[in-house]
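Here is the structure we will look at, set down as structure tokens.
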Amino acid sequence: MVKNKKFVEAITSMDEDFAQWYTDIVKKAEMVDYSSVKGCMIIRPYGYAIWENIQKDLDARFKATGHENVYMPMFIPESLLQKEKDHVAGFAPEVAWVTYGGNEKLTERLCVRPTSETLFCEHFAKIVQSYNDLPKLYNQWCSVVRWEKTTRPFLRSTEFLWQEGHTVHATPEEAEEETIRMLNVYAAHCEEVLAIPVIMGKKTDKEKFAGAKSTYTIESMMHDGKALQSGTSHNFGDNFAKAFDIQYTDKNGKLQYVHETSWGMSTRIIGAIIMVHGDDSGLVLPPKIAPTQVVIVPIAQHKEGVLDVANEIKDRISKVARVKLDDSDKMPGWKFNEYEMKGIPVRVEIGPKDIEQNQAVLVRRDTREKIQVSLDEIDTKITDLLVDIHNSMLEKARTLRDGKIHTAVSMDELKDIANNKPGFIKAMWCGKRECEEKIKEEAGLSSRCMPFEQEHITDTCVCCGEKAENMVYWGKAY
RNA sequence: CUGGGUGUAGCGCAGAUGGUAGCGCGCAUGAAUGGGGUUCAUGAGGUCGCAAGUUCAAAUCUUGUCACCCAGACCA
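As structure tokens, this is what we get:
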């Protein structure tokens, strides 16, 4: 293969090797670096700035729905973790343990939180006594540790950043309402901010969270057709309340168990942003979370007046967008490639020829379309363009995804599609775990969710032929 | 955890049968150039992942170990 030496920094084509393409992007867009601890990633300023923007939006949505932020310890005593049996069984295999404090061996080992249900439960048990204390709507931003066997930047790392919401309610109805409310918050965030279309639905029992009564999910599809669980919301019912003895006195003076929920979204979503929107030139960032929304590249900047005009328009654009002016001594072509790699939504080119005509060239990252605009209206044009870019990114992602959703009515068809066409497969399911496991084994597909928007494909289960209960999205997942 | 691959300068790589390390890009300085990774000159930068072992001598051979990549299994 002939490699042009000028393009040594170029990334692997996504069609050639999607996994390698992903790795190239996270490294070359300077989002992460590897650390010396297995599976742990260093989130570099550019990656972290994206996370901060995600945080800002989500946090506002949480507050708007009445939630308060708290912070729990990162250590959980073994005995506390043990209290809910399904929960321990689910997490124990991937937990990191602290056994020494200084030089002294601990009498009880502490686990580094893989999630904080148990800590919240212990706390809720103390602070909830009466129906007047309910609901408690808490959230925390923190990192958690899960000793995963296979790790990849953002998608699955040993330590990762996330938020976990934990709420307790007086009634099952309120808990269910909260669970769905937060799922909707996630879906809205994904579509309105990240331009990622999602499928909302319920997890099967096999796939639900350890200790939950039911788990709801938003599933998104990556460019290679694989699924990424992008956020989950769990209704615990009174499972944890019983294990941790979280009771309150109701209006009638009777003791009742609380009903609890938890919901989370993590830095994993950054992996989705990369794999949903990215292309062979690098990242394509949704404008709302792009650390820099507009980059100005002056052309022939040493020439009289160019930088003055560039600075002038920068000041004006800064009132409507996060803007950066690159007046470094690199070549314009170098800058073009660099900022495409970084996924900056809009590039402004301004050179002597433009200045003569009182104009600038806008180039949108998603379509690469070049637009000439008068300097007089550059700020309003950019405002509109950022909105337009968001909308067309969402539309494009939706179209791509829908083109990769197939339907199967028989096991043979299911296997055939699984082997030959990347994407999701809609198929009917009887609800039995055996069938789900058989589909995993024979077709390599896991159930992604039972979507809220059900379709009737056939009357019978794609696997066993017995009466079907639900339409399920099946797919290969990250 | 299973199978395959990789580890030599910031990045990408070359170093046959052991003899003490090289190329391209990048970086620094200067000059020209500037609308898609521009050019020339000069220069800096490496205990060859780590640890033992064999040897007069190890990037090279042996063993161990750590990390990363890929495919699976496991799993938010």
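Each number in the numbering used here comes from the position in the first sequence (counting from 1) with 355 added on. Virtual Cβ for every residue (Gly too), placed ideally from N, Cα, C.
Secondary structure at alanine 655: coil, using DSSP grouped into helix, strand and coil. By DSSP's assignment, isoleucine 726 forms a beta bridge with Leu717. Check the Cα spacing between serine 636 and each of Val742, Arg723 and Gly660: the tightest is with Arg723.
Setting aside the 5 residues that flank it on each side, phenylalanine 599 is surrounded in the same chain by Lys438, Glu439, Thr473, Cys476, Glu477, Phe479 and Ala480, each with a C-beta closer than 8 Å to its C-beta; the list follows chain order.
The DSSP assignment places 602-604, 610-612, 614-621 and 649-653 as complete runs of the beta strand (DSSP E) inside the region 601-655, in order along the chain (cut-off: 3 residues). In the three-state reduction of the DSSP assignment, isoleucine 431 falls in the strand class, which pools E and B.
DSSP places cysteine 466 in the uninterrupted beta strand (DSSP E) bounded by 459-467. The alpha helix (DSSP H) runs of length 4 or more contained entirely in the region 729-771 are, from start to end of the chain, 733-757. Taking the C-beta atoms as reference points, threonine 570 is found nearer than 9 Å to histidine 589. For the region 760-824, the continuous alpha helix (DSSP H) assignments of 4+ residues that do not extend past its boundaries occur at 766-775 and 788-798, in sequence order.
With fewer than 16 other Cβ atoms inside 10 Å of its own Cβ, aspartate 670 counts as exposed.
By a beta-carbon distance limit of 8 Å, valine 652 does not contact valine 701. Their separation comes to about 11 Å. Distance from the CA of alanine 525 to the CA of glutamate 531, rounded to the nearest whole angstrom, comes to 11 Å.
Excluding sequence positions up to five before and after threonine 506, its CB lies within less than 7 Å of the CB of Gly394, Ser512 and Thr513, all in the same chain and listed in chain order. Ranked by Cα distance from tryptophan 502, the options Gln495, Val467 and Glu547 are led by Val467.
Excluding five sequence positions before and after glutamate 423, the CB atoms of its chain that fall closer than 8 Å to its own CB belong to Leu492, Tyr493 and Asn494, given in chain order. Secondary structure of glutamine 495 (DSSP, three-state): strand.
Checking the DSSP bridge columns, you'll see serine 683 has no partner listed.
DSSP, reduced to helix, strand and coil, places glutamate 385 outside both helices and strands of the structure shown, so it counts as coil. Shown here for isoleucine 398: same chain residues with a beta carbon closer than 8 Å to its own, the five before and five after excluded, namely Met386, Val387, Trp406, Leu516 and Thr622 in chain order. CA-to-CA, the gap between leucine 461 and tyrosine 455 works out to about 5 Å. It is roughly 51 Å from the alpha-carbon of isoleucine 380 to the alpha-carbon of tyrosine 603.
Annotation for leucine 489: no alpha helix (DSSP H) segment contains it, and DSSP assigns it neither H nor E. The DSSP-derived three-state label of isoleucine 482 is helix.
Residue pairing of alanine 832 in beta bridges, as defined by DSSP: Ala582. The three-state secondary structure of phenylalanine 591, taken from DSSP, is strand. In terms of Cβ geometry, isoleucine 780 and glycine 820 do not form a close pair [threshold 9 Å]. Note on geometry: alpha-carbon atoms of aspartate 721 and leucine 749 lie some 11 Å from one another. Under the three-state reduction of DSSP, glycine 520 is assigned to strand.
For arginine 536, the enclosing alpha helix (DSSP H) stretches over residues 527-547. A distance of 9 Å or more separates the beta carbons of cysteine 818 and glycine 556.
Listed in chain order, the non-local C-beta contacts of methionine 766 below 7 Å within the same chain comprise Val817 and Cys818, local neighbours out to five positions each way being set aside.
Distance from the Cα of lysine 504 is smallest, within the candidate group Glu547, Gly706, Glu449 and Ala550, for Glu449. Per DSSP, lysine 674 lies in no alpha helix (DSSP H) segment and is marked neither H nor E. For serine 390, the CB contacts under 7 Å within the same chain, skipping 5 residues up- and downstream, are Met396 and Ile397 in chain order. Taking a C-beta distance under 9 Å as the contact criterion, isoleucine 409 and histidine 578 do not qualify as a contact pair.
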